[in-house]
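**Q** My structure is below; once you've seen it, I'll send some questions.
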Amino acid sequence: MSEYKSESNLEKILKAGHFAFTGECGPPLGANVEHLKEKAGHLKGCVDAVNVTDNQTAVVRMSSWAASLVLLQEGLEPNFQMVCRDRNRLAIQSDILGVYSHGIKNMLCLSGDHQRFGNHPEAKNVFDIDSMQLIHTVKTMRDEGTFLNGQDIDGPPELFIGAASNPFAEPFEFRIHRLAKKIAVGADFIQTQCIYNMDRFREFMKRAVDMGLHEKCYILAGVTPMKSVGMARYMAKQVPGMDVPASLIKRLQGAGKGKVAGEGIKFAVEQIEEFKEMEGVAGVHLMAIEWEHRVPEISKLAGMLPRPKV
Amino acid sequence: MIVAEQKPITEILEMVEDYTKILVLGCKGCVTVCNVGGSKEAAILASTLKIAKRKTNKKIEVATHTLERQCDPEYVDEVKDMIDDYDAVISIACGVGPQFLSERYPSARIFPGVNTKFMGGAVEHGIWSERCAGCGTCVIHHFGGLCPISRCSKSLMNGPCGGSSNGKCEISKDVDCIWDMIVRKMTELGRLQELLEFVPPKSWITARDGGPRRLIREELVK
Numbered sequence: 001m002s003e004y005k006s007e008s009n010l011e012k013i014l015k016a017g018h019f020a021f022t023g024e025c026g027p028p029l030g031a032n033v034e035h036l037k038e039k040a041g042h043l044k045g046c047v048d049a050v051n052v053t054d055n056q057t058a059v060v061r062m063s064s065w066a067a068s069l070v071l072l073q074e075g076l077e078p079n080f081q082m083v084c085r086d087r088n089r090l091a092i093q094s095d096i097l098g099v100y101s102h103g104i105k106n107m108l109c110l111s112g113d114h115q116r117f118g119n120h121p122e123a124k125n126v127f128d129i130d131s132m133q134l135i136h137t138v139k140t141m142r143d144e145g146t147f148l149n150g151q152d153i154d155g156p157p158e159l160f161i162g163a164a165s166n167p168f169a170e171p172f173e174f175r176i177h178r179l180a181k182k183i184a185v186g187a188d189f190i191q192t193q194c195i196y197n198m199d200r201f202r203e204f205m206k207r208a209v210d211m212g213l214h215e216k217c218y219i220l221a222g223v224t225p226m227k228s229v230g231m232a233r234y235m236a237k238q239v240p241g242m243d244v245p246a247s248l249i250k251r252l253q254g255a256g257k258g259k260v261a262g263e264g265i266k267f268a269v270e271q272i273e274e275f276k277e278m279e280g281v282a283g284v285h286l287m288a289i290e291w292e293h294r295v296p297e298i299s300k301l302a303g304m305l306p307r308p309k310v
Numbered sequence: 001m002i003v004a005e006q007k008p009i010t011e012i013l014e015m016v017e018d019y020t021k022i023l024v025l026g027c028k029g030c031v032t033v034c035n036v037g038g039s040k041e042a043a044i045l046a047s048t049l050k051i052a053k054r055k056t057n058k059k060i061e062v063a064t065h066t067l068e069r070q071c072d073p074e075y076v077d078e079v080k081d082m083i084d085d086y087d088a089v090i091s092i093a094c095g096v097g098p099q100f101l102s103e104r105y106p107s108a109r110i111f112p113g114v115n116t117k118f119m120g121g122a123v124e125h126g127i128w129s130e131r132c133a134g135c136g137t138c139v140i141h142h143f144g145g146l147c148p149i150s151r152c153s154k155s156l157m158n159g160p161c162g163g164s165s166n167g168k169c170e171i172s173k174d175v176d177c178i179w180d181m182i183v184r185k186m187t188e189l190g191r192l193q194e195l196l197e198f199v200p201p202k203s204w205i206t207a208r209d210g211g212p213r214r215l216i217r218e219e220l221v222k
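See the structure below:
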């Protein structure tokens, strides 16, 4: 019996006690995978695993499992994301078996953005199960070796189970309980929503540590560097559940013309430095959206290179 | 009740364009309560149709009648002697009415005059809100009397999702986040602990997903 649940690189890094570093890549808006391969090239060697988003913001893209396989071919370890919006429990379980059979070892379980945000708002949604029940589904398949109906699986999927947490969404008081619930149901690791309000996140992590959650699960802090003042304002006002303090917007404004992106990266690096020291934080999840080419620079500045070999 | 709204008048006019003798058939059930399909609304729709047709110089005859309920064969029978006098019938009951009429009077041309929206109630005068998705297995007592299936945009059983903001749902500032309300209510009731329990996947067999539904009460079947 292996000491690992999945033997994924991410699991080995975390279990060895290293500070993990994951990245993110969005699949293409078509069958052309050249840009995806180019983005993957920037991330290679900088991160331990790469999240592959699943029709994020409800915009149709190449399926997350297919794009995950492209990353695998490119020599990166994917963290396959799955949302409950587009699949019922039959499709969910068959896709889980499918990705595992092709060598995918990490999976992030999400509810999914509502389709009204996306480019097919007329679509019918599924939500047969929710993200919590998705975690339960993967765990049942892996550890019990059965489908949700109790039937035996011939070759259970040995996946490292991930889940998301948004410490900034409301009701704020309940968020820590929801995190605890995801861990109790079976999450092996957590990736948080992008963090900008450090005070609030410190408070959140303190509660997580007080509850002992960091001992049951690996918590990766979410970081998205701000590219511009416009992006910061948009995230502050338009993205539900995002907490961007006015002080950060002011800091970016103060950077001066042509220097905002650099200031955004500087803030991200400062965050990563603090997360390394923060009790209960096991790593960082860097979501550099369509900014993959800046990941090597951020990784270097944050002292995350070279990545440990396990 | 079942909440409905009138179809746009242009759509109704297009439906009955080729007909000259029209019966607008109201219902005294839910649609009367939500001010869309009772005798008053039947009369208004009849006048509107007459005025619109007059503008096009087309001859038209419009009568109205309102049944006790259109979802009951006993009352649907009531129009058996008059329905053949009309070449089109606009039912302004919920979607059940025009179907019961079509089944009872196969040769009649029946048109739906309203769009059936949802099961809910009036939260303010003139404002109705959804409360039930008819899933067939009610569980609201586990959620402080609030239904996450009909009232959460994602029907989450283990909410709230990360999109809850200021008590509102991520899809619109006009939609309350029911999970925000559930958490607050259960906290007030001192029952928050119950929300920490994992709710397993729901069986949708009793919902529409299990196929078109039918209810048989043996003791009532003659």
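One line per chain: the protein sequences are A and B, in this order.
Counting from 1, one number per residue, gives the positions in the first sequence under our numbering.
Counting from 1, one number per residue, gives the positions in the second sequence under our numbering.
Glycine residues also receive a C-beta, built at the ideal position from the N, C-alpha and C atoms.
The structure presented is a predicted model; accordingly, all values stated were derived computationally and were not measured.
Could you give the DSSP three-state label for residue 42 of chain A: helix, strand or coil?
**A** Looking at residue 42 of chain A - three-state DSSP - the assignment turns out to be helix.
**Q** With 7 Å set as the bound, which would you pick, yes or no: does the beta-carbon of residue 309 of chain B sit closer than that to a beta-carbon of chain A?
**A** Outside the shown range of chain B, which is 1 to 222, sits residue 309 of chain B, and nothing can be said about it.
**Q** Look at the Cβ atom of residue 159 of chain A, then the Cβ atom of residue 183 of chain A, and state whether they are nearer than 7 Å.
**A** Cβ distance not < 7 Å, so residue 159 of chain A and residue 183 of chain A don't count as in contact.
**Q** Scan the segment 150-164 of chain B for residues whose Cβ lies nearer than 8 Å to a Cβ of chain A and list them as they occur along the chain.
**A** Correct list: 153, 154, 155, 156, 157, 158, 159, 160, 161, 162, 163, 164.
**Q** Taking all protein chains shown into account, do 16 or more other C-beta atoms lie within 10 angstroms of the C-beta of residue 60 of chain A, making it buried, or fewer, making it exposed?
**A** Exposed, since its Cβ has fewer than 16 Cβ neighbours within 10 Å.
**Q** Considering only the alpha carbon of each residue, which of B/163, B/145, B/93 lies closest to residue 71 of chain B?
**A** The option with the nearest alpha carbon to residue 71 of chain B is B/93.
**Q** Determine whether the beta carbon atoms of residue 148 of chain B and residue 129 of chain A lie at a separation below 7 Å.
**A** Result no, Cβ atoms of residue 148 of chain B and residue 129 of chain A do not sit closer than 7 Å.
**Q** Please return the same chain residues whose Cβ sits closer than 7 Å to the Cβ of residue 180 of chain A, not counting the five positions on each side in sequence.
**A** Closer than 7 Å at Cβ, skipping near neighbours: 211, 213.
**Q** Return the first residue and the last residue of the alpha helix (DSSP H) that residue 9 of chain B is part of.
**A** Element bounds for residue 9 of chain B: 9-15.
**Q** Give a yes or no on whether the C-beta atoms belonging to residue 5 of chain A and residue 310 of chain A are separated by under 7 Å.
**A** No, the pair does not count as a contact, with Cβ atoms beyond the cut-off.
**Q** How is residue 25 of chain B classed by DSSP in three states: helix, strand or coil?
**A** If DSSP states are grouped into helix, strand and coil, residue 25 of chain B belongs with the strands.
**Q** Can you have a look at residue 216 of chain B and say buried or exposed, based on whether 16 or more other CB atoms are within 10 angstroms of its CB?
**A** Label assigned to residue 216 of chain B: exposed.
**Q** Taking the runs of the beta strand (DSSP E) that are 3 residues or longer, which of them lie wholly in the segment 98-178 of chain B?
**A** With a minimum length of 3 residues, the continuous beta strand (DSSP E) runs that stay inside the segment 98-178 of chain B are 110-112, 114-124, 127-132, 172-176.
**Q** I'd like to know whether the C-beta atoms of residue 150 of chain B and residue 130 of chain B end up nearer to each other than 7 Å.
**A** In contact: residue 150 of chain B and residue 130 of chain B (Cβ atoms closer than 7 Å).
**Q** Under the criterion of a Cβ to heavy atom distance below 6 Å, does residue 183 of chain A qualify as lining the ligand NAP?
**A** For the structure depicted, the ligand NAP is absent and the ligand set is empty, with no information on it obtainable.
**Q** Can you find a C-beta in chain B that's less than 7 Å from the C-beta of residue 221 of chain A?
**A** Chain B, which has no Cβ nearer than 7 Å to the Cβ of residue 221 of chain A, makes this no.
**Q** Which one of A/78, A/286, A/55, A/19 has the shortest CA to CA distance from residue 8 of chain A?
**A** Taking only the C-alpha atoms, the option nearest residue 8 of chain A is A/78.
**Q** Per DSSP, what are the beta-bridge partners of residue 9 of chain A in this structure?
**A** BP columns for residue 9 of chain A are empty, so no partner.
**Q** How should residue 188 of chain A be labelled, buried or exposed, when 16 other C-beta atoms within 10 angstroms of its C-beta is the threshold for buried?
**A** Flag for residue 188 of chain A reads buried.
**Q** So that I know if they touch, is there some Cβ in chain B lying closer than 7 Å to that of residue 299 of chain A?
**A** Judged by the 7 Å Cβ criterion, residue 299 of chain A is not in contact with chain B.
**Q** In the structure shown, what three-state DSSP assignment does residue 86 of chain B receive?
**A** Residue state, collapsed to three classes: coil.
**Q** Measuring alpha carbon to alpha carbon, tell me which of A/287, A/216, A/288 ends up nearest residue 281 of chain A.
**A** Measuring from the Cα of residue 281 of chain A, the nearest candidate turns out to be A/216.
**Q** Using a Cβ-Cβ cut-off of less than 8 Å, give me the residues of the segment 33-45 of chain B that come near chain A, in sequence order.
**A** Cβ contacts with chain A come from no residue of the segment 33-45 of chain B.
**Q** Should the segment 54-73 of chain A be regarded as contacting the segment 195-207 of chain A, the criterion being three or more beta carbon pairs within less than 8 Å?
**A** No contact exists between the segment 54-73 of chain A and the segment 195-207 of chain A.
**Q** Assuming residue 53 of chain B and residue 60 of chain B form a contact by the criterion Cβ under 8 Å, report the distance between their Cβ atoms to the nearest whole angstrom.
**A** Rounded, the Cβ-Cβ distance is 4 Å, consistent with contact.
**Q** Mind pulling the chain A residues with CB within less than 7 Å of residue 166 of chain B?
**A** Correct list: 170.
**Q** Does chain A have any CB closer than 7 Å to the CB of residue 140 of chain B?
**A** Not an interface residue.
**Q** Residue 164 of chain B and residue 170 of chain A - do their beta-carbons sit closer together than 7 Å?
**A** Yes.
**Q** Could you work out which residue in B/152, B/142, B/214 is closest to residue 176 of chain B when comparing CA atoms only?
**A** Comparing Cα positions, the closest option is B/152.
**Q** By alpha-carbon positions, which one of B/135, B/194, B/73 ends up nearest to residue 206 of chain B?
**A** Ranking the options by Cα distance to residue 206 of chain B, first place goes to B/135.
**Q** Using a C-beta to C-beta distance shorter than 7 Å, which residues of chain A count as neighbours of residue 183 of chain B?
**A** Those are 171, 174, listed as they occur along chain A.
**Q** Find the residues of chain B that neighbour residue 193 of chain A, judging by a C-beta separation of less than 9 Å, and give them in chain order.
**A** 162, listed in chain order.
**Q** Which stretch, first to last residue, makes up the alpha helix (DSSP H) that contains residue 137 of chain A?
**A** Per DSSP, residue 137 of chain A belongs to the alpha helix (DSSP H) from 131-139.
**Q** Skipping 5 residues on each side, what residues in its chain have a beta carbon closer than 7 Å to that of residue 42 of chain A?
**A** So the list reads 292, 293, 295, 296, once near-sequence residues are dropped.
**Q** My output table needs one value for residue 73 of chain B: the three-state DSSP class, helix, strand or coil.
**A** In this structure, residue 73 of chain B counts as helix in the three-state DSSP scheme.
**Q** Please list, in chain order, all residues of the same chain as residue 15 of chain B whose beta carbon is under 6 Å from its beta carbon, the five residues on each side excluded.
**A** Closer than 6 Å at Cβ, skipping near neighbours: 111.
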